[in-house]
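Engineer: Quick note, the sequences are listed as chains A and S, same order. If you're matching positions, the first sequence starts at 0 in numbering that gives the first Met the number 0 and goes up one per residue. If you're matching positions, the second sequence starts at 0 in numbering that gives the first Met the number 0 and goes up one per residue. Just dropping this structure here.
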Amino acid sequence: MATQVVMPKLSPTMEEGQLSRWLKKEGDKVSAGEPLAEIDTDKATMEAQALASGVLRKIFVEAGSTVPLGEVIAVIAEADEDISEIVARAQSGKTGAENKKSIEENVEAGQDGAQQELATVVPEGARTQATIQEQPLAGDAGEDGSSKSSDEAVQASSGGRQLPAPPPPTVNQQPPTNGDGAPDGRVIISPLAARMAAEANINLQTLRGSGPSGRIVKRDIEAVMSAGGANQPQSQSPQAQQQQQPSPVEVPPQAPAQQSQVQGAAAYREVPVSEMRRTIARRLATSLGPVPHFFLTTEIDMDKATEMRRSINDLDPELKISINDFIIKVTAAALSQHPQVNASYNDKTIRYYDGVDIGVAVALEGGLITPIVRGTDKKSVGQIAREVRELAERARNRQLRPEEYMGATFSISNLGMFGIDEFTAIINPPEAAILAVGQAKAMAVVRDGEIVVKQIMRVTLSCDHRIVDGATGAKFLQTFKKLLENPLYLLA
Amino acid sequence: MAVITMREALNQAMREEMQRDGNIFLMGEEVAAYQGAYKVSKGLLEEFGDKRVIDSPITELGFAGLGVGAAMAGLRPVIEFMTFNFSILATDQIINSAAKMLYMSGGQFKIPIVFRGPNGSAYQVSSQHSQAMESWYAHFPGLKVVMPSTPADAKGLLKSAIRDDDPVIFLEQERMYGIKGEVPDEEDFTIPLGQADIKREGTDATIVARSLTVPLALKAAEELEKMGVSCEVIDPRTIRPLDIKTIIESVKKTNRVVVAEESHSFCGVGAEISAQIAEQAFDYLDAPVRRISGADAPMPYAKNLEKLALPDVEKIVAAVREVAYLD
Chain A
0 MATQVVMPKL
10 SPTMEEGQLS
20 RWLKKEGDKV
30 SAGEPLAEID
40 TDKATMEAQA
50 LASGVLRKIF
60 VEAGSTVPLG
70 EVIAVIAEAD
80 EDISEIVARA
90 QSGKTGAENK
100 KSIEENVEAG
110 QDGAQQELAT
120 VVPEGARTQA
130 TIQEQPLAGD
140 AGEDGSSKSS
150 DEAVQASSGG
160 RQLPAPPPPT
170 VNQQPPTNGD
180 GAPDGRVIIS
190 PLAARMAAEA
200 NINLQTLRGS
210 GPSGRIVKRD
220 IEAVMSAGGA
230 NQPQSQSPQA
240 QQQQQPSPVE
250 VPPQAPAQQS
260 QVQGAAAYRE
270 VPVSEMRRTI
280 ARRLATSLGP
290 VPHFFLTTEI
300 DMDKATEMRR
310 SINDLDPELK
320 ISINDFIIKV
330 TAAALSQHPQ
340 VNASYNDKTI
350 RYYDGVDIGV
360 AVALEGGLIT
370 PIVRGTDKKS
380 VGQIAREVRE
390 LAERARNRQL
400 RPEEYMGATF
410 SISNLGMFGI
420 DEFTAIINPP
430 EAAILAVGQA
440 KAMAVVRDGE
450 IVVKQIMRVT
460 LSCDHRIVDG
470 ATGAKFLQTF
480 KKLLENPLYL
490 LA
Chain S
0 MAVITMREAL
10 NQAMREEMQR
20 DGNIFLMGEE
30 VAAYQGAYKV
40 SKGLLEEFGD
50 KRVIDSPITE
60 LGFAGLGVGA
70 AMAGLRPVIE
80 FMTFNFSILA
90 TDQIINSAAK
100 MLYMSGGQFK
110 IPIVFRGPNG
120 SAYQVSSQHS
130 QAMESWYAHF
140 PGLKVVMPST
150 PADAKGLLKS
160 AIRDDDPVIF
170 LEQERMYGIK
180 GEVPDEEDFT
190 IPLGQADIKR
200 EGTDATIVAR
210 SLTVPLALKA
220 AEELEKMGVS
230 CEVIDPRTIR
240 PLDIKTIIES
250 VKKTNRVVVA
260 EESHSFCGVG
270 AEISAQIAEQ
280 AFDYLDAPVR
290 RISGADAPMP
300 YAKNLEKLAL
310 PDVEKIVAAV
320 REVAYLD
């Protein structure tokens with residue numbers, strides 16, 4: 000029986016995926032469970048596996064193309080089966096939307112689509128395709144409503160805690176999804192809201208509508224305007240665009256240089272925005288604009304922490320504990336004492352988290368990601384070190400599963416290894432704060448009236464002023480400093 | 000101001016106009032000796048005699064045509080249909096003669112005639128006797144169509160209709176003959192045709208209602224007020240010419256519209272109003288225009304089904320909540 004292979008929903012925010020590589024070619028025999036292709040989602044590269052056995056008869060989508068969720072990308076059938084009808088239907092373009100709907104209905108069938116979906120992504124990538132027979136997705140939401148196959152880390156830290164879903168109407172981190180956006184990804188908006196958005200210069204791509212089918216309506220625009228704008232100019236002057244120099248890292252060598260239309264202006268290269276870069280842009284634009292930040296900096300004397308780390312590593316070289324692992328551990332301990340900083344601001348409520356899940360920013364080629372150490376407060380430095388190493392390694396290989404990088408309660412960004420003394424980080428909403436860590440270096444400081452040489456490290460806490468006040472943030476930093484300067488407290 | 004019934008208001012309007020102008024006469028089934036099937040012509044035979052208040056045989060096409068001829072000859076007939084369901088028989092005279100005569104005679108013959116009577120549903124009179132006919136007559140250029148919802152509007156508009164030199168379809172409502180309301184005492188009280196009335200001011204949603212649905216819309220607006228939704232209720236009163244301007248102004252203010260009507264929705268007056276709003280106020284709409292109409296089915300005889308087939312307060316409330324995105 001002929002089976003359509005469709006673009007699967009591989010992450011909760013996924014609206015489309017880039018087919019990075021076919022692992023099979025037309026005419027190849029495939030059996031159910033075998034990887035068919037690699038797909039770049041907005042965060043990770045994942046494998047799409049065959050849900051049916053047979054011959055990969057037809058490939059519709061070339062490697063490198065970006066395809067909306069639900070679109071038919073290939074057909075698996077018997078070698079001699081007539082697939083003309085299924086091919087014609089796929090090429091008519093009508094099936095994509097239907098498939099997407101059925102995929103998202105499957106997701107919606109769970110008690111809470113987004114969460115269930117997130118919690119039940121099977122690590123091995125078994126849930127990959129929906130077929131035209133509407134075969135339920137393996138590990139899909141709604142099978143029994145309990146996250147039976149969910150990742151243990153999610154389970155351990157969830158305790159009933161929900162992933163922060165943006166309450167409508169708010170500026171959103173993700174495009175309309177879960178079956179209520181238009182299947183073709185166009186923005187659904189009332190005529191009035193469209194006019195208001197145009198007048199206020201509001202970028203609709205960052206908005207999620209509160210009306211039926213995710214329609215953006217008047218009150219959504221009013222909410223954005225009263226939240227202080229999020230007025231990202233939708234169009235920039237040509238000059239401004241030309242001045243945007245992409246960072247060297249992201250310029251693929253094949254991108255041809257273009258000459259600016261302005262005489263004498265620098266030439267530039269234009270490269271398509273990658274899925275990850277787009278997600279970073281969308282997420283960060285929902286932070287510094289709507290979230291009122293303030294920053295607190297302090298100096299930490301790292302002598303004892305450095306010494307302790309050396310002692311532990313001497314005891315067991317296998318542990319390979321870094322200073323950053325210490326910082327993560329101390330942060331978790333400080334957060335346990337300052338629950339106001341381990342929280343999220345929602346429109347009508349403030350959510351205080353029972354556990355501490357720390358996101359650790361990891362730089363990747365062409366982007367960054369913050370894998371999460373779940374239940375950080377309950378883990379030893381050794382455990383943290385092992386976990387961070389493992390997560391960072393998989394992050395670089397783009398193998399993280401969505402639940403491994405979504406839904407932290409606090410984040411740490413460390414640029415010390417780049418020789419940065421201090422910097423400010425942008426909060427990762429809906430978290431309440433982020434800690435920016437600079438390098439530890441020997442400095443001359445005054446202690447008891449004497450100039451002495453100490454390992455000094457500067458950290459800066461960015462706080463969401465809607466929940467964290469200056470004194471609240473300062474007290475947290477005070478605890479952090481006390482613990483890190485005297486790490487024996489961790490045992491006390 | 001005197002508080003009188005719709006029936007009395009209509010009676011006053013005819014009496015006063017017949018007193019004022021000797022060319023006006025009333026004709027229809029049972030209008031004279033029986034004083035009208037709904038007693039709207041009560042006392043008129045006695046006052047004006049049988050040359051001006053005339054019982055017709057049961058032949059709608061015949062006496063409608065007679066009326067058109069009389070109008071061509073210079074009289075000002077008021078033709079009563081016992082219900083507008085029976086006007087279906089007379090549509091050739093109404094649409095082909097009355098509506099077209101001024102145009103086809105190059106302006107030589109004006110047709111100052113009023114066709115009036117109850118329109119829409121009554122109480123369990125089933126499919127053939129419960130029809131709301133306004134979209135039929137409003138469809139054709141050459142006819143004016145009036146639908147009052149209060150005794151005052153009924154009186155003021157009927158007087159204007161009788162004085163108008165064009166054929167006017169004046170649609171009353173059997174369920175509303177007994178409703179009471181204040182009617183101004185001034186001797187020459189009239190309401191111009193083509194002027195909508197804002198029956199209630201509001202800011203969050205506009206309900207466009209006519210005839211039977213006006214009291215329903217007002218009741219719905221009261222309910223919605225308790226839910227924090229401020230509704231504006233607009234009664235166009237005249238379907239042709241339609242005062243779309245007042246409706247558009249309201250839409251620009253509220254951004255949301257529900258049209259409530261007793262008639263079927265398909266090709267109905269609500270459809271026309273929706274289309275004009277889309278054409279003229281598209282950029283002001285925050286939600287699709289929602290219609291609450293009579294069921295798209297012949298009117299059932301059974302009381303429970305009849306109730307379900309008609310618009311009611313709950314349906315209007317639900318529709319407003321929908322366009323206001325409250326559910």
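For glycine and all other residues, C-beta sits at the position ideal for the given N, C-alpha and C. Just so we're clear, the structure is a prediction, and the values are computed from it rather than from any experiment.
1. Sort S:Glu-133, S:Leu-60, S:Lys-38, S:Lys-244 by Cα distance to S:Asp-196 and report the nearest one.
2. Under 8 Å between C-beta atoms, does S:Asn-10 make it to chain A?
3. Please report how far the alpha carbon of S:Tyr-122 lies from the alpha carbon of S:Arg-174, in whole angstroms.
4. How far does the alpha helix (DSSP H) with S:Leu-223 in it extend, from its first residue to its last?
5. Compare the C-alpha of A:Asp-27 against each of A:Ala-43, A:Asn-202, A:Arg-207, A:Lys-57 and name the closest.
6. Which first and last residues belong to the beta strand (DSSP E) in which S:Lys-179 is found?
7. So is A:Ala-78 buried or exposed if we call it buried at 16+ other beta carbons inside 10 Å?
8. May I ask you to report which of helix, strand or coil DSSP gives A:Ala-491?
9. What are the start and end residues of the alpha helix (DSSP H) that includes S:Asn-303?
10. Specify, as a first and last residue, the run of the beta strand (DSSP E) that A:Glu-449 falls within.
11. Do the CB positions of A:Pro-429 and A:Tyr-344 come within less than 8 Å of each other?
12. By the criterion of Cβ-Cβ separation under 8 Å, what are the contact partners of A:Ala-192 in chain S?
13. Identify, in the order they occur along the chain, each residue of the same chain with its Cβ nearer than 6 Å to the Cβ of S:Pro-150, setting aside the five sequence neighbours on each side.
14. Within the same chain, show all residues whose beta-carbon is closer than 6 Å to that of A:Cys-462, passing over the 5 residues directly before and after it, in chain order.
15. Which stretch, first to last residue, makes up the alpha helix (DSSP H) that contains S:Ala-195?
16. How would you write the range of the alpha helix (DSSP H) that S:Glu-248 sits in, first residue to last?
17. Could you check which residue in S:Ala-220, S:Phe-24, S:Ile-238, S:Ala-98 has the C-alpha nearest to that of S:Leu-142?
18. CA-CA distance, S:Glu-231 and A:Leu-283?
19. If you measure between the beta carbons of A:Asp-41 and A:Thr-278, is that distance less than 8 Å?
20. Along the chain, where does the alpha helix (DSSP H) containing S:Pro-150 start, and where does it finish?
21. With DSSP run on the structure shown, which of helix, strand or coil describes A:Pro-135?
22. Here's the rule: buried if 16 or more other CB atoms are within 10 angstroms of the residue's CB, otherwise exposed. What is S:Lys-302?
23. Do S:Lys-50 and the ligand MG come close, with the Cβ less than 7 Å from some heavy atom?
24. Pairing CB atoms from the stretch 130-146 of chain S with CB atoms from the stretch 66-86 of chain S, are three or more of them under 8 Å?
25. Scan the stretch 20-71 of chain S and note each continuous alpha helix (DSSP H) run of 4 residues or more that stays entirely inside, going in chain order.
26. Of the choices S:Val-167, S:Asp-165, S:Asp-311, whose alpha-carbon is the least far from that of S:Ala-219?
27. Please confirm whether A:Leu-35 and A:Lys-23 have their CB atoms less than 8 Å apart.
28. Are the CB atoms of A:Pro-67 and A:Lys-100 nearer to each other than 8 Å?
29. Buried or exposed for A:Ser-410, please, with buried defined as at least 16 other CB atoms from any protein chain shown within 10 angstroms of its CB.
30. Along the chain, where does the beta strand (DSSP E) that runs through S:Val-113 open and close?
31. Can you give, in chain order, each stretch of the beta strand (DSSP E) that sits fully within the stretch 285-351 of chain A and has at least 3 residues?
32. Helix or strand or just coil, what does DSSP make of A:Met-224?
33. With DSSP as the reference, label A:Thr-176 as helix, strand or coil.
34. Would you list the residues sitting across from S:Arg-239 in a DSSP beta bridge?
35. Anything in the stretch 335-363 of chain A with a Cβ closer than 7 Å to a Cβ of chain S? List those residues in chain order, please.
36. So A:Lys-217 contacts chain S; which residues on that side make the cut at Cβ distance below 8 Å?
Structural biologist: The relevant details are as follows:
1. Selected option, being the one with the closest Cα: S:Lys-244.
2. False, the Cβ-Cβ gap to chain A never drops below 8 Å.
3. Here the alpha carbons of S:Arg-174 and S:Tyr-122 stand approximately 8 Å from one another.
4. Unbroken alpha helix (DSSP H) run through S:Leu-223: 212-225.
5. Taking each of A:Ala-43, A:Asn-202, A:Arg-207, A:Lys-57 in turn and checking the Cα distance to A:Asp-27, the smallest one comes out for A:Lys-57.
6. Run containing S:Lys-179: 179-182, per the beta strand (DSSP E) assignment.
7. Residue burial is scored here from C-beta neighbours: A:Ala-78 has fewer than 16 other C-beta atoms within 10 angstroms and is therefore classed as exposed.
8. Assigned with DSSP and collapsed to three states, A:Ala-491 falls in coil, not helix or strand.
9. Per DSSP, S:Asn-303 is one residue of the alpha helix (DSSP H) stretching across 302-308.
10. Counting along the chain, the unbroken beta strand (DSSP E) around A:Glu-449 starts and ends at 449-463.
11. Taking 8 Å as the Cβ cut-off, A:Pro-429 and A:Tyr-344 qualify as a contacting pair.
12. What A:Ala-192 touches in chain S: Asp-285.
13. Excluding five sequence positions before and after S:Pro-150, the CB atoms of its chain that fall closer than 6 Å to its own CB belong to Ile-3, Met-5, Ala-8, Gly-180, Val-182, given in chain order.
14. Only Phe-293, Ala-432, Gly-472 meet the Cβ criterion.
15. Taken as a continuous stretch (DSSP letters only), S:Ala-195 belongs to no alpha helix (DSSP H), as it is neither H nor E.
16. S:Glu-248 -> alpha helix (DSSP H) spans 243-253.
17. Taking each of S:Ala-220, S:Phe-24, S:Ile-238, S:Ala-98 in turn and checking the Cα distance to S:Leu-142, the smallest one comes out for S:Ala-98.
18. Each residue's CA atom was taken as its position, placing S:Glu-231 and A:Leu-283 some 42 Å apart.
19. Result yes, Cβ atoms of A:Asp-41 and A:Thr-278 sit closer than 8 Å.
20. Start and end: 150-162.
21. Since pLDDT at A:Pro-135 reaches only 39, below the 50 mark, its modelled position is unreliable, and no value is offered.
22. Counting the other Cβ atoms within 10 Å of the Cβ of S:Lys-302 gives fewer than 16, which makes it exposed.
23. Only the bare structure without any ligand can be found here, which leaves the ligand MG out of the picture.
24. Yes, the stretch 130-146 of chain S touches the stretch 66-86 of chain S.
25. Positions of the alpha helix (DSSP H) runs, each at least 4 residues long and wholly inside the stretch 20-71 of chain S, are given as 43-47, 59-71 in order along the chain.
26. Nearest in C-alpha terms to S:Ala-219, of all of S:Val-167, S:Asp-165, S:Asp-311, is S:Asp-311.
27. Cβ atoms of A:Leu-35 and A:Lys-23: closer than 8 Å.
28. No. Outside cutoff.
29. Residue environment: A:Ser-410 is assigned as buried (16 or more neighbouring CB atoms within 10 Å of its CB, all protein chains considered).
30. For S:Val-113, the enclosing beta strand (DSSP E) stretches over residues 113-117.
31. Qualifying beta strand (DSSP E) stretches, in chain order: 292-300, 342-344, 349-351.
32. Looking at A:Met-224 - three-state DSSP - the assignment turns out to be helix.
33. Residue placement at A:Thr-176 cannot be trusted, given a pLDDT of 40 that sits under 50; the coordinates are not used to answer.
34. According to DSSP, S:Arg-239 shares a beta bridge with S:Val-144.
35. Near chain S, meaning a CB-to-CB distance below 7 Å, no residue of the stretch 335-363 of chain A qualifies.
36. Asn-254, Asp-285, listed in chain order.
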